[in-house]
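> Dropping a structure here in structure tokens format, bear with me for questions.
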Amino acid sequence: MAGENISARFVVPTVASSVDIVVQVGVEVDGKRRVREIVGVPGRVESDIIETEPIFSLQQGRLARVHGMPPRLEQFSSHSIDIHGLLADGSHLDRGSVG
């Protein structure tokens, strides 16, 4: 997928349909990396903007569950994963640090 013949009209929906979850990591003042937000990517594109659904966001220094859900829930079910129960148990996560 390189060259001038590839346009945003092709690339944007292709990326939107290829990515399920995005984890945004930032660097704290002490140099440690910390998860700031986890969003689901349902695959919808509107006006060349890929829509996202926040699943977890950093609130008052803690990674907190918000209302969004990961896309393609049937994939979790087919592997006997109760995603609703799993996300309900993680209403607040203190493990936002990475490495």
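For any residue, its number in the numbering used here is found by taking its place in the sequence shown, counting from 1, and adding 1.
Just so it is clear, CB atoms sit at the ideal spot from N, CA and C, and this is done for glycine as well.
Taking Cβ to Cβ, would you say residue 56 is nearer than 8 Å to residue 41?
Locating residue 56 in the sequence shown gives position 55, counting from the first residue. Locating residue 41 in the sequence shown gives position 40, counting from the first residue. One thing to note: residue 56 has its Cβ within 8 Å of the Cβ of residue 41.
> When the Cα atoms are used, what is the spatial distance from residue 85 to residue 79?
Within the sequence shown, the letter at position 84 stands for residue 85. Within the sequence shown, the letter at position 78 stands for residue 79. So the alpha carbons of these two residues sit roughly 14 Å apart.
> In the DSSP assignment, find the alpha helix (DSSP H) that holds residue 75 and state where it starts and stops.
Here residue 75 corresponds to residue number 74 of the sequence shown, with the count starting at 1. From DSSP, the alpha helix (DSSP H) with residue 75 extends over 74-79.
> Cβ of residue 7 within 8 Å of Cβ of residue 24?
Here the question's residue 7 lines up with position 6 in the sequence shown. Here the question's residue 24 lines up with position 23 in the sequence shown. No, the Cβ-Cβ distance between residue 7 and residue 24 is not below 8 Å.
> Report buried or exposed for residue 64, applying the criterion of at least 16 other Cβ atoms within 10 angstroms of its Cβ.
Counting from one through the sequence shown, the residue named residue 64 turns up at place 63. It is buried - the Cβ of residue 64 has at least 16 other Cβ atoms within 10 Å.
> Given residue 37, which residues of its chain have a CB within under 6 Å of its CB, disregarding the five upstream and five downstream residues?
In the sequence shown, counting from the first residue as 1, residue 37 sits at position 36. Cβ neighbours of residue 37 beyond the five flanking positions: 25, 27 and 59.
> Nearest-angstrom Cα distance between residue 18 and residue 89?
As a position in the sequence shown, residue 18 is number 17, starting the count at 1. As a position in the sequence shown, residue 89 is number 88, starting the count at 1. Rounded to the nearest angstrom, the two C-alpha atoms are 26 Å apart.
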